[in-house]
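Report on one structure; see the data block that follows.
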Amino acid sequence: FSFLQERLRYVLGLLVLLHSTDSFYVPGVAPINFHRNDPVEIKAVKLTSSRTQLPYEYYSLPFCQPSKITYKAENLGEVLRGDRIVNTPFQVSMNVEKKCEVLCNFPNKPVTLTVEQSKLIAERIREDYYVHLIADNLPVATRLEFYSNREEEEKKKEKDVQFEHGYRLGFMDGNKFYLHNHLSFILYYHREDVEESQEHTYRVVRFEVIPQSIKLEDLKADEKSMCTLPEATGSAPQEIDPTKENQLLFTYSVHWEESDIKWASRWDTYLTMSDVQIHWFSIINSVVVVFFLSGILSMIIIRTLRKDIANYNKEDDIEDTMEESGWKLVHGDVFRPPQYPMILSSLLGSGIQLFCMILIVIFVAMLGMLSPSSRGALMTTACFLFMFMGVFGGFFAGRLYRTLKGHRWKKGAFCTATLYPGVVFGICFVLNCFIWGKHSSGAVPFPTMVALLCMWFGISLPLVYLGYYFGFRKQPYDNPVRTNQIPRQIPEQRWYMNKFVGILMAGILPFGAMFIELFFIFSAIWENQFYYLFGFLFLVFIILVVSCSQISIVMVYFQLCAEDYRWWWRTFLVSGGSAFYVLIYAVFYFVNKLDIVEFIPSLLYFGYTALMVLSFWLLTGTIGFYAAYMFVRKIYAAVKID
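Right, here's the structure in full:
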């Protein structure tokens, strides 16, 4: 059902997109109008930490619980992200202020934390955990104000405001742990225009919190669950001593403010958390450099090729030409099928599947239909699209396998449907076992895993077989020259024609085009940021495709000029060279940006990084391979062969 709801949301989103021109993105759901005194439900999503990378559900810690705990039905993306959305006992009503109220039902009896619970809370505070709540699908944010490095006079006037997601569970001072037990909610509403006779309606447009730690003695509570907050200067924070039982009160206050922010742009606060200017400069820089280099490469290749083809086609000088070295000499071997054609075509099939999925996801997200407001939509869409793109993967793999003189099409189709997904599933399953051991909500539940397996074998596998069958039956790719019976001897190659040197050289240009974007993507994945710059990402993806294709063509041209005709596997490996740089960058990011020290978080980081690098290699390798294959067919069709 949740998937159907997602689909309906997209259709709604499309309709809104067609009608709205002023909003920056299309929100995932219709706005909810509240009247005064209507309840605004506060739900908890999860606890996260960039130090451990293990999300936990809200009630894994001894917070106050409502009389009945109900979990929201979640889509696939939310489950995979570790979200476990659950109700909380906070009583918030639209436009109704609350000075200070005790959260649990017994104001005179404080909450007593056992030694185990105190230990657990202290450990989570040390691990730098954040709590994530939502009100009307809007995540809570903590306002951070600081002075930027401006002139002294301006300092007095202007503060820079940034927001961080969620609020800190607590803080440490020396070796002591302090818990944020009082939450001051600040909710902003936008008053909607209505006719005079009607009652005003309100929409929630921002949700902020100021967490405070206040000692039990300083919070004076009465029988009606009301409490009085102490003066800011004289209060002591609520310490949690992990060696003994602790007594405390959980309290909260609610403050409402009117805002000019329209409902359509209420996410802008959350999405402008990082400096967008850096982004613009880096993107423009990448575009200019890549197109400049691309232009130069294209000019050199085209001029050299024209000269080559003109020389090879001169009737008079055929005798001289045959004695020269060059790519024409290997015409009888250039289309000789490589070793392991089934594995090559299977990997390329998976690459096509990934390419189609990424292209559609980025394009749809760029139109604004996968914004952060529709939680888990991006991941759900990506999973389903990968399954359905099996048709295209199978078709291209089948046709290439037939071209490479393969005969066992059923085995080839099975290999295409299981090789890459099998590796991904295997790594994820092993990592999942470790996460299960930690009782984290990031562990994929067993029913979800069974559902994913059913999708793999029930949707993806049959579609790959279907595509493979039609691809294998189709006419193979038309190679312009015949292959000789006896393979030609390959001359000894120079050191710079080595595979590894090729990978290093070929990876620089595509990686240089996208490494700034990579920083933002890594921040989104590992530091719980929102990623929303899909317009930039689409541009970067196009640059990546162009640069991979050109580098691949240059490398295969040099290889054929060196009379080495074993280009099939080599092109696939070398074109994916930028994946090697992504791996190095991931190690650099781990050492410099993340504060991960424990074994399991490190294992998770490198496990998921390995998956990213493998997928990126398949993607770029496939782009490069098809560009090189088209190029080789074109140049051999242009020369006259006796």
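FYI, the numbering for the sequence shown is -23 to -1, 1 to 619, going by mature numbering (1 follows the signal peptide of the UniProt record, and there is no 0). Backbone N, C-alpha and C fix where the C-beta goes; we use that ideal spot for every residue, glycine too.
Asked	Found
Under the rule that 16 or more other beta-carbon atoms within 10 Å means buried, what is I111, buried or exposed?	buried
Below 9 Å between beta carbons: does that hold for F567 and S579?	yes
Roughly how many angstroms separate the alpha carbons of I577 and D195, rounded to a whole number?	40 Å
Check whether the Cβ atoms of G59 and T25 lie closer than 9 Å to each other.	yes
Please work out which residues of its chain come closer than 6 Å, Cβ to Cβ, to F162, disregarding the five sequence neighbours upstream and downstream, and give them in chain order.	V186, V231
Check whether the Cβ atoms of S348 and E494 lie closer than 9 Å to each other.	no
Taking E494 as part of the alpha helix (DSSP H), name the residues at either end of that continuous run.	476 to 503
If you compare alpha carbons, which of T228, I612, F513, G444 is closest to V368?	G444
If I measure Cβ to Cβ from L(-12) and keep anything under 6 Å in the same chain, skipping five residues before and after, which residues do I get?	Summary for L(-12): the model assigns pLDDT 38, below 50, so the residue's position carries little reliability; its value from the coordinates is reported in the next sentence. Around L(-12): no qualifying Cβ.
How about L57 and N223: are their beta carbons less than 9 Å apart?	no
If I measure Cβ to Cβ from L581 and keep anything under 8 Å in the same chain, skipping five residues before and after, which residues do I get?	Q30, L31, L408, F411, I412
Helix, strand or coil: which one does DSSP assign to P8?	coil
Would you mind sorting T358 into buried or exposed? The rule is 16 or more other CB atoms within 10 Å of its CB.	buried
To the nearest angstrom, how far is the alpha carbon of H167 from that of Y562?	44 Å
Note down, in chain order, each residue of its chain lying with its Cβ closer than 7 Å to the Cβ of S(-1), except the 5 sequence neighbours on either side.	With a pLDDT of only 32 at S(-1), under 50, the local geometry of the prediction cannot be trusted, and no value is derived from it.
Do V458 and V311 have their C-beta atoms within less than 9 Å of each other?	yes
Which stretch, first to last residue, makes up the alpha helix (DSSP H) that contains V401?	386 to 414
Smallest Cα separation from V138: which of S27, L121, K153?	L121
Quick check on this structure: which residue in K23, R543, A7, Y106 has the alpha carbon closest to the alpha carbon of Y606?	R543
Output the distance between the C-alpha atoms of H308 and F602, rounded to the nearest integer angstrom.	19 Å
Should G326 go down as buried or exposed, given a rule of 16 or more other Cβ atoms within 10 Å for buried?	buried
By the 10 Å Cβ neighbour count, where 16 or more other Cβ atoms means buried, how is C77 classified, buried or exposed?	buried
For the structure I just gave you, are there three or more beta carbon pairs, one from the region 505 to 519 and one from the region 275 to 292, closer than 8 Å?	no
Going straight from the alpha carbon of H142 to that of Y106, what length do you get?	11 Å
Bridge partners for V138 per DSSP, in chain order?	E122
Measuring straight from C-alpha to C-alpha, what distance separates L115 and Y613?	59 Å
If D113 and V181 are in contact, beta carbons under 8 Å, what's the gap, nearest whole angstrom?	4 Å
To which residues of the same chain is A21 closer than 6 Å at the C-beta, ignoring the five residues directly before and after it?	Y35, V63, T65, L110
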